[in-house]
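Step one of this worksheet: look at the structure below.
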């Protein structure tokens, strides 16, 4: 029987050999985080799925995820995470000019700038195209006024992905522009929102007479809705189950204060010295299995069935991610799959919450709201994991809301994939200035 070679397997093996050889030559734990990320990013390994003209290597999603695993297993610090790498870099690589790619994506892959997403507003969350933040042209720049909310990690961002209305006299989807906002300038006021978990991942941002140069508009003026949909697609596939997420062990940007620290200090057990680390710490199926074994709950048939379901959902999501990547590699698409990924992630979060609390038992009711308050709990049996489970349980209500609510995802699938009729309205034809606003 003739052996059939799989080009994808050969490609993956070649990539693995290349990253291993590169790490042996370049990894040095005594480098600063900034120095290491500069090496990693400029070599194309921070975001290897980006195109080669955008500091990537043009790898498939599968190979890019394998690179991440190889970096972790080698014992090196992984790439800068956050919304810069997850959303801004691929959006700018898709819609930006080469000058914009050189300016902004370089700072993302080398961790020099942290990013946030300035999309949602108090009156424009589910109906994002109803945003009212205004951008008025003044010479070679735009003057911005408005308010944003639910801005993830905005308190640590150097730059923001801003959606602003540049023309209120056209239908609402046609008068929006996608801009890069300097978060350090006067007129940008970031106010963290403390959650019931004790963390403050989200923020509200007040923008008063802030300035954006005309050169910082990505994808042309009034074409921001198309650019925003690209960002949202990356968000849904990245935050969705199987997408790889945006977890990281050191924070990019100038505000977090980690760029000058020793890179080797962020390798190994997750850093838990700050509220930032606590709010980002993941709780995956492997940790739940480990806690179930430690507590003897792995013998409970209901717990075992729940863990099997959690594993199955994760595998289905991973396969869907592979399907999407394979389709795109040959110029095709699978309509609705990013939305399904987002819905699956919500299901996984809810199941993880319920399983975690069932395994933790009474200890799951214990929670601390700061690093200092967590120290006494760490002395309790298994509490290193239990604290994460409780934090996950309190946070699990957020993922079905942020990145587009579960209801919005179902509406998109119904209307754009299944062809079901939309509710009657004229928002696609009427000028935005004539539409009724929320009371």
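Numbering (this note's numbering), first residue to last: 392 to 830. Note that CB positions come from ideal geometry on N, CA and C, so glycine has one too.
Status (buried if at least 16 other CB within 10 Å, exposed otherwise) for residue 542: Against the chain shown, residue 542 aligns to sequence position 151. Counting Cβ neighbours within 10 Å, residue 542 comes out buried, since at least 16 surround it.
Which of helix, strand or coil DSSP assigns to residue 791: Position 400 of the chain shown, counted from the start, is the residue given in the question as residue 791. Looking at residue 791 - three-state DSSP - the assignment turns out to be coil, as it is neither helix nor strand.
Cβ distance (whole Å) where residue 524 is taken to contact residue 546 below 8 Å: By 1-based counting over the chain shown, the position of residue 524 is 133. By 1-based counting over the chain shown, the position of residue 546 is 155. 19 Å between Cβ atoms; not a contact.
Meets three-Cβ-pair contact criterion under 8 Å: the stretch 721-735 and the stretch 752-763: Short answer: they don't touch.
Beta-carbon gap between residue 574 and residue 581 smaller than 9 Å: Residue 574 sits at position 183 when you count from the first residue of the chain shown. Residue 581 sits at position 190 when you count from the first residue of the chain shown. Taking the C-beta atoms as reference points, residue 581 is found nearer than 9 Å to residue 574.
Cβ-Cβ distance between residue 645 and residue 505 below 9 Å: Along the chain shown, one-based indexing puts residue 645 at 254. Along the chain shown, one-based indexing puts residue 505 at 114. Taking a C-beta distance under 9 Å as the contact criterion, residue 645 and residue 505 qualify as a contact pair.
From 514, 464, 802, 497, residue whose alpha carbon lies closest to that of residue 428: The sequence position of residue 428 within the chain shown is 37, counting from 1. If we check each option's Cα against that of residue 428, 497 comes out closest.
Residue 536 versus residue 585: straight-line alpha-carbon distance, rounded: As a position in the chain shown, residue 536 is number 145, starting the count at 1. As a position in the chain shown, residue 585 is number 194, starting the count at 1. Distance between the alpha carbons of residue 536 and residue 585: 24 Å.
For residue 508: DSSP bridge partner residues: Position 117 of the chain shown, counting from 1, holds the residue named residue 508. Bridge partners of residue 508: 552.
For residue 532, the three-state DSSP class (helix, strand or coil): As a working note, residue 532 is residue 141 in the chain shown. Residue state, collapsed to three classes: strand.
With 16 other Cβ atoms within 10 Å as the buried cut-off, status of residue 566: Within the chain shown, residue 566 is the residue found at index 175, counting from 1. It counts as buried.
Candidates 447, 641, 564, of which the one nearest residue 483 by Cα: For the purposes of this step, residue 483 is identified with residue 92 of the chain shown, where counting begins at 1. Residue 483 has its Cα closest to that of 447, out of 447, 641, 564.
Spatial neighbours of residue 826 in its chain, beta-carbon cut-off 7 Å, leaving aside the 5 residues before and after: The residue labelled residue 826 in the question sits at position 435 within the chain shown. The residues 563, 818, in chain order, have a CB closer than 7 Å to that of residue 826 in the same chain once the five nearest residues on each side in sequence are set aside.
Residue 595 - DSSP class collapsed to helix/strand/coil: Locating residue 595 in the chain shown gives position 204, where the first residue counts as 1. If DSSP states are grouped into helix, strand and coil, residue 595 belongs with the strands.
Coil, strand or helix - residue 721 by DSSP: As a first step, residue 721 is located in the chain shown; it is residue number 330 there, counting from the start. Reduced to three states, the DSSP call for residue 721 is coil.
Segment limits, beta strand (DSSP E) that includes residue 483: Along the chain shown, one-based indexing puts residue 483 at 92. Looking at the DSSP string, residue 483 is not in any beta strand (DSSP E); the run it does join, the alpha helix (DSSP H), is 480-486.
Simplified DSSP assignment, three categories, for residue 569: The residue labelled residue 569 in the question sits at position 178 within the chain shown. Three-state DSSP puts residue 569 in a strand.
Which of helix, strand or coil DSSP assigns to residue 727: The residue given as residue 727 occupies position 336 in the chain shown. Annotated three-state conformation of residue 727 is coil, per DSSP.
Nearest neighbour of residue 530, chosen from 606, 518, 755 [CA to CA]: By 1-based counting over the chain shown, the position of residue 530 is 139. Per the Cα distances, 606.
Cα-Cα separation, residue 783 to residue 744: One-based indexing of the chain shown puts residue 783 at position 392. One-based indexing of the chain shown puts residue 744 at position 353. So the two alpha carbons sit approximately 6 Å from each other.
Nearest neighbour of residue 738, chosen from 768, 754, 797 [CA to CA]: Taking the chain shown and counting its residues from 1, the one referred to as residue 738 is at position 347. Residue nearest to residue 738 within the set 768, 754, 797 is 797 (criterion: CA-CA distance).
Beta carbon of residue 463 nearer than 9 Å to that of residue 469: The count along the chain shown starts at 1 and reaches residue 463 at position 72. The count along the chain shown starts at 1 and reaches residue 469 at position 78. Yes.
For residue 494 and residue 654, believed in contact at Cβ under 8 Å, the rounded distance: Along the chain shown, one-based indexing puts residue 654 at 263. Along the chain shown, one-based indexing puts residue 494 at 103. Contact flag wrong, Cβ pair sits at about 25 Å.
First and last residue of the uninterrupted beta strand (DSSP E) at residue 582: Along the chain shown, one-based indexing puts residue 582 at 191. For residue 582, the enclosing beta strand (DSSP E) covers residues 579-583.
Beta-ladder partner(s) of residue 602, from DSSP: Position 211 of the chain shown, counting from 1, holds the residue named residue 602. DSSP lists 534 as partners of residue 602.
DSSP state of residue 701 mapped onto helix, strand, coil: On the chain shown, position 310 is the one that residue 701 refers to. In the three-state reduction of the DSSP assignment, residue 701 falls in the helix class, which pools H, G and I.
Cβ shell of residue 688 (< 6 Å), same chain only, five flanking positions each side left out: By 1-based counting over the chain shown, the position of residue 688 is 297. Hits under 6 Å: 694, 750.
Validate contact between the stretch 597-614 and the stretch 549-563 using beta carbons, cut 8 Å, 3 pairs: Yes, since at least three Cβ pairs between the stretch 597-614 and the stretch 549-563 fall closer than 8 Å, the two stretches touch.
Proximal residues to residue 669 (C-beta, below 6 Å), its chain only, five neighbours per side dropped: Here residue 669 corresponds to residue number 278 of the chain shown, with the count starting at 1. Legend: pLDDT at residue 669 = 46, less than 50; position of this residue unreliable, no value from coordinates given.
Rounded separation between residue 701 and residue 799 - CA only: Translated into positions along the chain shown, residue 701 becomes position 310. Translated into positions along the chain shown, residue 799 becomes position 408. If you take the alpha carbons of residue 701 and residue 799, they lie about 24 Å apart.
Within 9 Å, strictly: CB atoms of residue 406 and residue 478: The residue labelled residue 406 in the question sits at position 15 within the chain shown. The residue labelled residue 478 in the question sits at position 87 within the chain shown. Contact: no.
Per-residue burial, residue 487 [other beta carbons within 10 Å of its own, 16 or more giving buried]: Taking the first residue of the chain shown as position 1, residue 487 is located at position 96. So residue 487 ends up on the buried side.
Three-state class that DSSP yields for residue 653 in the structure shown: Position 262 of the chain shown, counting from 1, holds the residue named residue 653. In this structure, residue 653 counts as strand in the three-state DSSP scheme.
Per DSSP, the bridge partner or partners of residue 423: By one-based count along the chain shown, residue 423 stands at place 32. Under DSSP, the beta-bridge partners assigned to residue 423 are 653.
Cβ neighbour criterion (16 or more within 10 Å) applied to residue 461: Numbered from 1 along the chain shown, position 70 holds the residue referred to as residue 461. In the assembly as shown, residue 461 is a buried residue. Its beta-carbon has 16 or more other beta-carbons within 10 Å.
Beta-ladder partner(s) of residue 608, from DSSP: On the chain shown, position 217 is the one that residue 608 refers to. 570, per the DSSP bridge assignment.
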